[in-house]
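The working numbering numbers the first residue of the sequence shown as 1369 and each following residue consecutively. Have a look at the structure below, then the notes.
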Amino acid sequence: MKVSIITVTYNSGKYLEDCIESVVKQRYKNIEHIIVDGKSNDNTLAIIKKYESHISKWISETDKGMYDAINKGIVMATGDIIGILNSDDMLDTDDVISSIVKAFEEQQTDAVYGDLEYVDAKDTNKVLRIWKGRPYKRYRFRYGWMPAHPTFYIKRSLIEKFGFYQNHYYTAADYEFMARYLYFNKISAYHLPMLVVKMRMGGQSNKNMRQRLRANRSDYLAMKKNKIPFAFFVSILKPLIKLHQFYQKK
């Protein structure tokens, strides 16, 4: 079973090497690492070329944003399974992909997701908090729940059937994607109870109140599109329910 990992970059030279190294170190070797760069002007391309023997495919061209770039990567992918690894994130341990593949095989599922740890940007050994996933139940989408998108892996054949990321949902495009598959189209999913990704603290949707309100409206539109009941109230509940998904690292 081949796994395609898509990494989108734009001026990602500061952390990209850590990202690539985490893929290179995987014990599971049937991995296709695809990098889609948005015409970086820092040292991103130099790092990509340094690791070119470990990268299956890469392009560098202008795009319409992160999710447009992800869609380009999906078009390039040939794996049975597709996952997204952000350029400043890392696979948590060297057995992450082998564990994900095993879960697909043993559980006979359409998608797999796991747990996520937020780490300090400079010291990635310093864990700030953990997003602990829960066993998959479709009804939880009605209460604003969602899996941790950076840990989400899905069969490529389903993307060909149900469609790509919708760029016009902005920072809610990952939520809309998972709601469309897991809630609206009722695909099966399995929660893998292990840490899958180390994510450096930060995020496009939570930098300030204006961006949070924009993200909230995008969440609402994504919920309404995918027939989640009482979308307006659920969109308000969604940021609050995350409080129960985060655990402070002692």
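The C-beta atom is built at its ideal place from N, Cα and C for all residues, glycine as well. These numbers were taken from a predicted model, which means no experiment stands behind them.
Secondary structure of residue i, DSSP reduced to three states
i	result
D1405	strand
Y1538	helix
D1457	strand
T1446	coil
K1523	strand
M1591	helix
R1510	helix
M1369	coil
R1585	helix
M1634	In the structure as shown, the chain starts at 1369 and stops at 1618, and residue 1634 therefore has no counterpart that could be examined.
M1569	coil
Y1435	helix
D1386	helix
T1375	strand
I1452	strand
G1482	strand
E1473	helix
Y1558	strand
E1420	helix
I1596	coil
K1393	coil
K1606	helix
E1528	helix
Residue i, buried or exposed, once every other Cβ within 10 Å from all chains shown has been counted against 16
i	result
P1518	buried
Q1394	buried
T1539	buried
F1598	exposed
A1414	exposed
Y1521	buried
D1488	exposed
V1376	buried
M1434	buried
S1408	buried
D1491	exposed
S1390	buried
K1606	buried
M1569	exposed
F1620	Limits of the chain in this structure are 1369 at one end and 1618 at the other, which puts residue 1620 out of reach.
M1567	buried
N1594	buried
S1603	buried
E1474	exposed
Selected residue, minimal CA-CA separation from residue i, among the options
i	options	result
D1542	G1451, W1426, A1414	G1451
L1560	F1601, Y1588, A1516	A1516
N1553	V1564, V1565, I1527, N1535	I1527
D1478	E1485, R1506, R1548, I1555	I1555
N1535	F1472, F1601, S1455, A1437	A1437
A1445	S1455, T1430, K1592, I1423	I1423
A1624	T1430, Q1476, I1402, N1439	Outside the shown range of the chain (1369 to 1618) lies residue 1624, about which nothing can therefore be said.
R1548	F1509, M1458, G1406, N1584	F1509
K1432	K1440, M1546, Y1588	K1440
I1373	E1429, M1458, K1418, G1406	M1458
L1484	I1465, V1443, Y1419, V1564	V1564
Whole-angstrom C-beta distance between residue j and residue i, which should lie under 8 Å
i	j	result
D1448	R1524	6 Å
G1482	G1512	G1482 to G1512, Cβ: 20 Å. No contact.
M1562	S1467	6 Å
Open item on the list: With three or more C-beta pairs closer than 8 Å as the rule, is the region 1402 to 1420 touching the region 1371 to 1382?
Closed with: yes
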